[in-house]
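*Asks:* For what it's worth, the working numbering labels the leading residue of the sequence shown as 1437, then goes sequentially. Each residue gets a CB set at the ideal place from its N, CA and C atoms; glycine is no exception.
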Amino acid sequence: MAAQMATTKVPEVRDITRIERIGAHSHIRGLGLDDALEPRQVSQGMVGQLASRRAAGLILEMIKDGHIAGRARRLRSLKEKWWRYRLTGQPLERDVITIDKATGKISKLGRSFTRARDYDAMGAQTQFVQCPEGELQKRKEVVHTVSLHEIDVINSRTQGFLALFSGDTGEIKSEVREQINAKVSEWREEGKAEIIPGSPHGIPIDLLDRLLIIATSPYTEKETRQILKIRCEEEDVELSEEAHTVLTRIGQETSLRYAIQLISTAGLVCRKRRGTEVQVEDIKRVYSLFLDESRSSQYMKEYQDSYLFNETTQPTMDTS
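Here is the structure:
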């Protein structure tokens, strides 16, 4: 009897190539502080900003000790109570409420003074008001503070108000934005709406007043040069002294982020010409190919009449 031999198929194993992405802040390993929370001039990828790094270290220690987390827990509990009240929508006995005639919305003004003795304990947010007198129907001015983007989201779709909480705004058509702009302009002329300038840092004033703000200062030329040197080591790009000087001047005149982005592009140009060290010519070439923010804005202003969005404002050509 012939022996039967079973063959086993061994799957082929392929090596997985690891992809390491270099981010804008991948060279930063920490705040560069010692055990006494004193900042070092150059440490863990951080350069300069001594006062700001010390302040950030104090905030980090407060978070580790739980001194800041308690505020978040209290805020979360208040939010849960507020949402529970909004979801139930049931006014309690002895509450003074108002009912919106147009929408039927019930709003609580407070508790009645006449029933103040019915409570043994109450929170600091409890407010006692007088019972309304006179006619039941009264006119009241209500002010709502919303941004133009929120108005666009609300009017972009059915039940668009829910998109403000979910964040799924999707694409808002230009026709909707134009209609909103026209309506807001009409409200402004009639005195129904008022345009409020933007708040500092893009944060409402009442929220900004509750924050601990850490100030930063512009980098000096020496600090900019040191940061660019660290980034070159992170991206494995070698620069000559002349190219390093030119790149430092670019970072001072434009922005540090733009100068950092030129490192990888200049390194690619250097490898294409089979060089081992980035020279000044490589920096000049990528500088001419890629614009910074100021040159791009100047280009837009110079050729703004050639773009399509200006055709609507151009006078109609007389062909008669």
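Hey, I1587 and I1616: beta-carbon distance below 8 Å or not?
*Replies:* Result yes, Cβ atoms of I1587 and I1616 sit closer than 8 Å.
*Asks:* Tell me which same chain residues have a C-beta within less than 8 Å of the C-beta of T1656, skipping the five on either side of it?
*Replies:* Excluding positions up to five away in sequence, the list reads G1484.
*Asks:* Quick check on the burial criterion: 16 or more other C-beta atoms within 10 angstroms. Buried or exposed for M1482?
*Replies:* The residue is buried, with at least 16 neighbouring Cβ atoms inside 10 Å.
*Asks:* Quick one: grab the DSSP three-state call for I1632.
*Replies:* Of the three classes helix, strand and coil, the one that applies to I1632 here is coil, per DSSP.
*Asks:* What number of angstroms, rounded off, separates the C-alpha of R1465 from the C-alpha of R1476?
*Replies:* Rounded to the nearest angstrom, the two C-alpha atoms are 13 Å apart.
*Asks:* Does DSSP classify R1547 as helix, strand or coil?
*Replies:* Looking at R1547 - three-state DSSP - the assignment turns out to be strand.
*Asks:* What did DSSP end up calling S1676 once you bin it into helix, strand or coil?
*Replies:* Three-state DSSP puts S1676 in coil, outside helix and strand.
*Asks:* Measuring only the C-alpha atoms, how far is S1488 from D1642?
*Replies:* Going by the C-alpha atoms only, they are around 23 Å apart.
*Asks:* Could you name the residues of the same chain whose beta carbon sits closer than 8 Å to that of S1733, not counting the 5 residues immediately before and after it, in chain order?
*Replies:* Cβ neighbours of S1733 beyond the five flanking positions: none.
*Asks:* Looking only at its chain, what residues have a beta carbon closer than 6 Å to the beta carbon of E1738, apart from the 5 residues adjacent to it on each side?
*Replies:* So the list is empty, once near-sequence residues are dropped.
*Asks:* How would you write the range of the beta strand (DSSP E) that T1562 sits in, first residue to last?
*Replies:* That residue, T1562, is in no beta strand (DSSP E); it is neither H nor E in DSSP.
*Asks:* Would you call the region 1682 to 1695 and the region 1706 to 1713 in contact, with 3 or more CB pairs under 8 Å?
*Replies:* Too few Cβ pairs lie closer than 8 Å, so no.
*Asks:* In angstroms, rounded to a whole number, what distance separates the CA positions of D1718 and I1650?
*Replies:* Their backbone Cα atoms lie some 38 Å apart in a straight line.
*Asks:* Hey, S1700 and E1678 are a contact pair by Cβ (cut 8 Å); roughly how many whole angstroms apart?
*Replies:* Actually they are not in contact, since the Cβ atoms of S1700 and E1678 sit about 19 Å apart, beyond 8 Å.
*Asks:* In whole angstroms, what separates the C-alpha of Y1743 from that of K1541?
*Replies:* Taking the straight line joining both Cα atoms gives about 48 Å.
*Asks:* Taking 8 Å as the cut-off, decide whether the C-beta atoms of S1676 and V1714 are in contact.
*Replies:* Going by C-beta atoms, S1676 is nearer than 8 Å to V1714.
*Asks:* So for T1749, helix, strand or coil by DSSP?
*Replies:* A caution first: T1749 carries a pLDDT of 49, below 50, which makes its placement in the model unreliable, though a value can still be read off. Here T1749 sits in coil by DSSP.
*Asks:* What are the boundary residues of the beta strand (DSSP E) that includes V1714?
*Replies:* Note, V1714: premise wrong, no beta strand (DSSP E); not H, not E.
*Asks:* Please report how far the alpha carbon of R1758 lies from the alpha carbon of A1618, in whole angstroms.
*Replies:* For the chain, the structure presents residues 1437 to 1756; residue 1758 sits outside this window and is missing.
*Asks:* With a threshold of 7 Å on Cβ separation, who are the neighbours of I1418 within its own chain once the five nearest residues in sequence on each side are excluded?
*Replies:* The requested residue 1418 is not part of the displayed model; the chain covers only 1437 to 1756.
*Asks:* Out of curiosity, what's the CA-to-CA distance linking G1468 and S1724?
*Replies:* Using only the alpha carbons, I get a separation of about 36 Å.
*Asks:* Given this structure, state the Cα-to-Cα distance separating D1645 from T1562, to the nearest angstrom.
*Replies:* Going by the C-alpha atoms only, they are around 24 Å apart.
*Asks:* Relative to the C-alpha of R1731, which residue among D1741, V1612 and I1686 is closest?
*Replies:* The option with the nearest alpha carbon to R1731 is I1686.
*Asks:* Identify every residue that forms a DSSP beta bridge with I1533.
*Replies:* In the DSSP output, where bridge partners are listed per residue, I1533 has K1544.
*Asks:* With DSSP collapsed to three states, give me the class of L1473.
*Replies:* The answer is coil: DSSP assigns L1473 none of H, G, I, E or B.
*Asks:* Spell out the partners DSSP gives M1482 in its beta bridges.
*Replies:* DSSP lists S1479 as partners of M1482.
*Asks:* Run the CB neighbour count on W1519, radius 10 Å, all protein chains shown included, and call it buried at 16 or more, exposed below.
*Replies:* Low confidence applies here, because W1519 scores a pLDDT of 39, under 50, leaving its location unreliable; read the following figure in that light. Counting Cβ neighbours within 10 Å, W1519 comes out exposed, since fewer than 16 surround it.
*Asks:* Between H1461 and the rest of its own chain, which residues show a CB-CB distance below 7 Å, the 5 nearest in sequence each way excluded?
*Replies:* Hits under 7 Å: none found.
*Asks:* Just tell me which of E1569, L1494, A1695 and V1478 has its CA closest to the CA of L1648.
*Replies:* Closest option to L1648, Cα to Cα, is L1494.
*Asks:* Near P1568, which residues of its chain fall below 6 Å by C-beta distance, leaving aside the five closest residues on each side in sequence?
*Replies:* Result list for P1568: empty, nothing under 6 Å.
*Asks:* Just to confirm, are T1684 and R1661 a CB contact at a threshold of 8 Å?
*Replies:* In contact: T1684 and R1661 (Cβ atoms closer than 8 Å).
*Asks:* What separation, rounded to the nearest whole angstrom, lies between the Cα atoms of H1503 and P1640?
*Replies:* Each residue's Cα considered, the two are about 24 Å apart.
*Asks:* Figure out for me which residue from E1626, G1627, A1629 and V1589 has the closest Cα to the Cα of S1610.
*Replies:* Residue V1589 is the option with its Cα nearest to S1610.
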